[in-house]
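> The structure that follows is given in the form of structure tokens.
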Amino acid sequence: MNGWILKKIIKGKEPKSLTAYRSTISQQNLKDSNIYEDFKETTKEQCREEKAYNLRKQLLQEQGYVCCYCMGRISCDNSKIEHFKPQTKNREFQIDYQNLFIACEGGEGLKEKVQCCDTKKGEKDLEHIDLLSSIEQNIFYIKGAKNITIKSSDTNIDNEINDVLNLNVMVLEQNRKEVYDSVMKNLKSRGFTIANIKKTLNYYKSKHNEKFEPYCEMIIYFLTKKLKSKGVL
376 MNGWILKKII KGKEPKSLTA YRSTISQQNL KDSNIYEDFK ETTKEQCREE
426 KAYNLRKQLL QEQGYVCCYC MGRISCDNSK IEHFKPQTKN REFQIDYQNL
476 FIACEGGEGL KEKVQCCDTK KGEKDLEHID LLSSIEQNIF YIKGAKNITI
526 KSSDTNIDNE INDVLNLNVM VLEQNRKEVY DSVMKNLKSR GFTIANIKKT
576 LNYYKSKHNE KFEPYCEMII YFLTKKLKSK GVL
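Numbers given in our numbering equal positions in the sequence shown, counted from 1, plus 375.
Okay, structure coming up:
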């Protein structure tokens, strides 16, 4: 069964503060290394105060408060603004809203082997994973007794999953399994009827109070698979 590991992100209009800031910068200065750092409307404090002009707040709302890579829950206080095309190699995109996303802290400050997402990615390029489109190239989840891992039959995508983003680090595998078990336990208590599966599926496809559920695409994957096994889809 084909699926996707990352949630397709629909970019909206950028905050007016970013538009205004970019209008002050000449074309010849767009590659200046301090352009992004000098943009001040990104702070966690502004985000907590729900300032409409805050870039961090807008990215959180846009993504439904889930990490652009692992889909774990994020907030003003445990998030990082991510440049999909790394800053050091793509200065011209450092304040391009289409290049800006929000990610979890990914084990920042810990040993590299337990880091993930933006922190693990660093200045590496992602050439086969795109945040602006659904990734449906033989990506699937494998459920174990205590973990859920992600695999791809496409070697390039599989390498980026593991080597660039480290999305199968133990804590993520365990988090996914914990969420899966909770959803299945809830479904079991209500009855594994087609109607209940569809209701749960629709719930995980939608935002609630601006937020998607953590690891929502994983749950969508398994529930869709369940419905297909019942001949519904």
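Ideal Cβ positions, reconstructed from N, Cα and C, are used throughout, including at glycine.
Give the secondary structure of F468 by DSSP, where H, G and I count as helix, E and B as strand, and everything else as coil.
In the structure shown, F468 sits in a helix (DSSP, three-state: H, G or I).
> Would you kindly check if the distance between the Cβ of Y472 and the Cβ of I523 is under 8 Å?
no
> I'd like to know whether the C-beta atoms of K386 and E467 end up nearer to each other than 8 Å.
no
> To the nearest angstrom, how far is it from the Cα of I477 to the Cα of L562?
31 Å
> Should the segment 421-436 be regarded as contacting the segment 488-498, the criterion being three or more beta carbon pairs within less than 8 Å?
Taking 8 Å as the limit for Cβ pairs, the verdict is that the segment 488-498 does not touch the segment 421-436.
> DSSP has A478 in a bridge; who is on the other side?
K455
> Going by the beta-carbon positions, is the gap between Y411 and L542 smaller than 8 Å?
no
> Between which two residues does the beta strand (DSSP E) harbouring S527 extend?
I523 to S527
> Assuming I595 is part of the alpha helix (DSSP H), what are its boundary residues?
C591 to S604
> Is it the case that the Cβ atoms of K383 and L475 are separated by a distance below 8 Å?
no
> Cutting at 6 Å between CB atoms, please list the residues of its own chain near R423, excluding the five before and the five after it.
C451
> According to DSSP, is I569 helix, strand or coil?
helix
> Return the chain-ordered list of same chain residues with a C-beta closer than 7 Å to the C-beta of K526, the five sequence neighbours on each side being excluded.
Within the same chain, K526 has close Cβ partners F515, I517 and D533.
> Cα separation between G519 and K464?
The straight-line gap from Cα to Cα measures roughly 39 Å.
> Put K495 into one of helix, strand or coil per three-state DSSP.
helix
> Exposed or buried, which one is W379 when buried takes at least 16 other CB atoms within 10 Å?
With a pLDDT of 44 at W379, under the threshold of 50, the predicted position of this residue should be treated as unreliable, and no value is reported.
> Closest by CA to S557, which one among V544, C591, T530 and N531?
C591
> Hey, how far is the Cα of K601 from the Cα of E437?
When only Cα atoms are considered, K601 and E437 end up about 29 Å apart.
> Can you list the alpha helix (DSSP H) stretches of 4 or more residues lying completely in the segment 406-435, in chain order?
419-423
> Taking the C-alpha atoms as reference points, what is the distance between T399 and L435?
26 Å
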